[in-house]
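Reading through the structure tokens given below for one structure.
Chains as they are written, first to last, in the numbering used here: chain D, 253 to 808; chain X, 41 to 393.
This is the structure:
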């Protein structure tokens with residue numbers, strides 16, 4: 253291996269030590285964690301809890317794939333299967349994807365990236381984690397008490413009149429967890445507006461901050477609608493108020509409008525912060541400023557804005573008027589454009605760069621490929637006539653898994669691997685992590701590609717049993733899920749291992765330009781010893797070279 | 041050595057019977073598939089282009105080859121290019137998709153109508169001639185068939201993948217879909233909207249037959265009563281004819297020939313009388329009072345099933361005169377709650393046999 257194949261530069265391991273004082277050891281004891289106001293500790297609390305829920309949700313995914321190995325309904329009963337995919341959906345959407353990047357990586361980095369000591373409201377930040385935990389415990393309670401089988405969409409009148417499972421507990425859980433998301437968004441918006449350090453203008457912000465800002469707007473404006481909808485579902489279920497019940501003059505389609513008014517923007521809540529991660533990693537590992545910084549920044553805001561006006565594309569076959577369907581289809585096509593812009597901008601960031609292929613970069617390439625497929629198949633579904641055949645089948649399952657899992661989860665893992673040395677001060681084993689990235693990519697393709705074909709064949713989603721001629725493709729998909737499972741277990745093992753045995757990372761192992769890389773790893777509780785002054789653009793690698801030279805002359 | 045012949049046979053058979061692409065069994069299917077292949081082509085081109093860009097840049101500008109990066113701010117021309125080209129392609133897809141959507145959801149005027157009621161967890165099809173089927177649907181090929189569908193409980197969705205059609209079946213609201221089958225055979229019917237425990241059991245088969253076979257099937261499956269005849273019975277047993285007798289002095293509006301007409305309501309608005317209007321007016325009469333009549337009709341919400349409503353609607357649809365109503369009134373008179381209703385014959389002139 254030539255020494256030019258990597259940009260990683262670690263301090264001399266013989267003499268290197270973790271900093272004496274950092275946010276990790278500033279205070280000791282469990283209570284100092286549970287009552288902390290430090291955004292970095294809250295980020296770690298979030299990281300632990302969402303990882304826990306990710307593996308629970310993943311276990312349900314595994315059980316679903318296992319049942320679908322054979323066409324017959326032979327592993328579990330129909331009700332149990334319905335509870336599996338409901339739990340998988342609720343946990344993965346509300347307890348993993350929505351908080352994944354913002355509440356962990358965003359919480360940790362946004363104050364540092366804007367040059368602040370903490371978020372604007374540290375106690376609200378802690379409250380947000382507690383609400384998340386309460387929501388999570390309520391979901392687990394619904395699970396342990398016997399489960400819930402509404403599907404994650406809580407469609408009325410099924411959820412209000414026809415099921416006798418723990419709908420109320422599950423809906424209240426999401427109601428509570430929603431506030432955690434609102435508080436995180438609020439905190440980010442205020443911090444980014446009010447707490448930027450001197451010299452940190454809007455257009456010097458890292459793109460990660462821009463994309464989290466856009467996602468925060470969606471969280472604050474969208475989540476209350478979900479809360480209202482769930483309250484209406486509960487009132488209807490408990491008191492029979494008749495908002496959605498057609499026999500009382502209610503409109504069952506109203507629920508769908510309200511639900512998707514949140515849940516479509518929620519897709520962008522999930523993906524936008526991931527796009528921010530990709531901007532950071534691609535820039536760092538190609539040693540180049542992101543191509544067309546302004547276009548990428550504004551495309552995030554454009555996605556957030558358009559994202560509110562496309563919800564009815566979930567309802568093209570539900571008897572909305574043909575002409576309103578036309579309008580929503582057109583708007584859906586428009587929202588696809590900013591995503592295309594981003595993909596091309598990332599690709600052209602590589603041009604004339606000096607590219608290396610560390611683990612976060614491999615995950616980022618995985619993101620680019622899978623997100624491109626996910627985005628393009630979204631165009632299939634936004635196209636009115638095509639949607640009639642494809643919606644409610646495995647095509648749509650494959651599409652949103654490509655975006656949410658292939659896109660967002662890849663971005664999340666890219667981010668975790670990228671900032672792990674900053675969070676913990678230690679490196680993970682490089683070759684093993686590269687293996688995990690490649691395994692995840694292959695496993696993912698094998699799991700979800702066959703589902704596109706199944707979808708066009710017409711296999712409906714949420715089916716417990718299916719016609720035998722669909723079996724071959726289902727077997728392939730289940731085999732892929734096994735590989736994917738291994739790919740997700742690996743990081744858990746080696747990242748855990750690295751906490752004690754990993755190499756000391758030093759302040760800036762990737763030679764990155766962000767403010768977070770100019771401070772010690774792991775950072776001090778107060779982040780900066782003195783308020784930083786931003787005197788250069790974001791992604792200014794010449795400034796970094798200059799700074800390194802000065803350090804050598806003054807210290808050495 | 042090698043694989044056991046039994047296992048080999050099994051694998052060959054298994055792979056041979058597996059499906060990769062759905063049959064094209066309706067007139068719509070080729071149109072849908074054409075758009076699908078167009079979308080696949082532009083997606084593949086886009087994906088290959090992005091992949092080549094990334095691979096080429098990764099090889100050409102890797103650190104070994106290019107130790108120092110050249111900073112590039114951006115390029116308005118390039119960015120405009122990759123804004124406009126995708127936008128243009130997406131707009132083509134939008135227009136194409138829109139045309140297809142209208143093709144699939146606008147039934148031709150000569151379509152024959154079949155009613156479908158969805159309920160947990162079965163499909164019930166009702167032919168106008170009174171033939172009922174559960175989880176099955178027999179249709180003739182070469183003739184447009186419109187399905188008027190309604191759910192008795194939760195959301196369902198009626199899907200025939202080989203015909204490329206699908207439509208949500210909604211509680212409390214008629215929705216329609218149409219198709220014209222081209223090849224005789226049996227094809228899957230799926231419920232594609234999650235509807236509770238046995239969602240995956242809410243499946244059936246549509247049998248497309250030649251018109252001759254279809255006629256034979258219709259004759260064999262005849263239950264003796266058409267939907268309209270069932271409706272007539274209901275009309276009498278529920279006492280509808282007491283008010284909707286067609287007499288000038290009757291308390292309810294004359295229903296003969298009302299289907300397809302424009303009606304003026306008491307609030308002055310005009311409505312077109314179609315299946316949905318008739319259904320709503322039976323269940324929720326106070327919202328649908330014809331101008332000149334008192335809002336005295338009681339609601340039938342909860343007293344009549346969706347099947348019954350379809351029978352009534354079908355009856356009213358075919359009601360060209362009040363002769364049969366008044367005949368019914370004579371035979372069913374003993375069921376009447378109000379004995380003071382004028383007797384038959386006081387308005388002989390309105391009866392056109």
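Each residue gets a CB set at the ideal place from its N, CA and C atoms; glycine is no exception.
Keep in mind it's a predicted model, so treat the numbers as computed, not measured.
Give me whichever residues DSSP pairs with residue i in a beta bridge.
{"i": "residue 225 of chain X", "result": "X:248"}
{"i": "residue 216 of chain X", "result": "X:188"}
{"i": "residue 231 of chain X", "result": "X:198"}
{"i": "residue 158 of chain X", "result": "X:163 and X:191"}
{"i": "residue 172 of chain X", "result": "X:166"}
{"i": "residue 310 of chain X", "result": "X:304"}
{"i": "residue 436 of chain D", "result": "Bridge partners of residue 436 of chain D: none, in fact."}
{"i": "residue 177 of chain X", "result": "X:246"}
{"i": "residue 66 of chain X", "result": "X:221"}
{"i": "residue 712 of chain D", "result": "D:645"}
Taking C-beta pairs closer than 8 angstroms, name the residues in chain D that residue i reaches, listed in chain order.
{"i": "residue 285 of chain X", "result": "The contacting residues do not exist; residue 285 of chain X stays about 29 angstroms from chain D at best."}
{"i": "residue 163 of chain X", "result": "Simply none; closest approach about 14 angstroms."}
{"i": "residue 320 of chain X", "result": "None at all; the shortest Cβ gap to chain D is about 10 angstroms."}
Name the chain X residues whose beta carbon is nearer than 7 angstroms to that of residue i?
{"i": "residue 595 of chain D", "result": "90"}
{"i": "residue 539 of chain D", "result": "109"}
{"i": "residue 341 of chain D", "result": "Per Cβ cutoff of 7 angstroms: no residues; residue 341 of chain D is ~11 angstroms from chain X at best."}
{"i": "residue 581 of chain D", "result": "134, 137 and 138"}
{"i": "residue 714 of chain D", "result": "234 and 239"}
{"i": "residue 719 of chain D", "result": "228"}
Just to make sure I have the definition right: I need the residues of chain D whose C-beta is within less than 7 angstroms of the C-beta of residue i. Which are they?
{"i": "residue 315 of chain X", "result": "Chain D residues near residue 315 of chain X: none, gap ~13 angstroms exceeds 7 angstroms."}
On the criterion of 16 or more Cβ atoms from any shown chain inside 10 Å, does residue i qualify as buried, or is it exposed?
{"i": "residue 378 of chain X", "result": "Residue placement at residue 378 of chain X is poorly supported in this model, since its pLDDT is 41, which falls under 50; the coordinates are not used for a value here."}
{"i": "residue 202 of chain X", "result": "buried"}
{"i": "residue 197 of chain X", "result": "buried"}
{"i": "residue 61 of chain X", "result": "exposed"}
{"i": "residue 445 of chain D", "result": "exposed"}
{"i": "residue 778 of chain D", "result": "exposed"}
{"i": "residue 416 of chain D", "result": "exposed"}
{"i": "residue 753 of chain D", "result": "exposed"}
{"i": "residue 396 of chain D", "result": "exposed"}
Please state whether DSSP places residue i in a helix, a strand or coil.
{"i": "residue 404 of chain D", "result": "coil"}
{"i": "residue 207 of chain X", "result": "strand"}
{"i": "residue 295 of chain X", "result": "coil"}
{"i": "residue 164 of chain X", "result": "strand"}
{"i": "residue 679 of chain D", "result": "coil"}
{"i": "residue 729 of chain D", "result": "helix"}
{"i": "residue 765 of chain D", "result": "coil"}
{"i": "residue 418 of chain D", "result": "coil"}
{"i": "residue 330 of chain X", "result": "strand"}
{"i": "residue 261 of chain D", "result": "coil"}
{"i": "residue 803 of chain D", "result": "helix"}
{"i": "residue 791 of chain D", "result": "coil"}
{"i": "residue 760 of chain D", "result": "coil"}
{"i": "residue 278 of chain X", "result": "coil"}
{"i": "residue 152 of chain X", "result": "strand"}
{"i": "residue 267 of chain D", "result": "coil"}
{"i": "residue 294 of chain D", "result": "helix"}
{"i": "residue 375 of chain D", "result": "helix"}
{"i": "residue 53 of chain X", "result": "helix"}
For residue i, which residues in chain D fall below 9 angstroms Cβ to Cβ?
{"i": "residue 342 of chain X", "result": "499"}
{"i": "residue 246 of chain X", "result": "The premise fails here: residue 246 of chain X is roughly 12 angstroms from chain D at the closest Cβ pair, so nothing lies under 9 angstroms."}
{"i": "residue 211 of chain X", "result": "409, 497, 498, 499 and 504"}
Considering only heavy atoms of the ligand NAP, does any lie closer than 7 angstroms to the CB of residue i?
{"i": "residue 691 of chain D", "result": "Absent from the structure shown: the ligand NAP. Ligands present: none."}
By the criterion of Cβ-Cβ separation under 8 angstroms, what are the contact partners of residue i in chain X?
{"i": "residue 331 of chain D", "result": "237"}
{"i": "residue 589 of chain D", "result": "123, 126, 127 and 130"}
Three CB pairs or more closer than 8 angstroms across the region 628–638 of chain D and the region 132–147 of chain X: yes
Cβ contact (3+ pairs, closer than 8 angstroms) linking the region 411–422 of chain D and the region 345–365 of chain D: no
Three-pair Cβ contact test at 8 angstroms for the region 703–719 of chain D versus the region 230–241 of chain X: yes
Touch test, the region 244–253 of chain X against the region 83–93 of chain X, Cβ-Cβ under 8 angstroms, three pairs minimum: no
Given 8 angstroms, three or more beta-carbon pairs between the region 572–589 of chain D and the region 607–625 of chain D: no
Cβ pair count under 8 angstroms reaching 3, the region 258–271 of chain D against the region 353–370 of chain D: no
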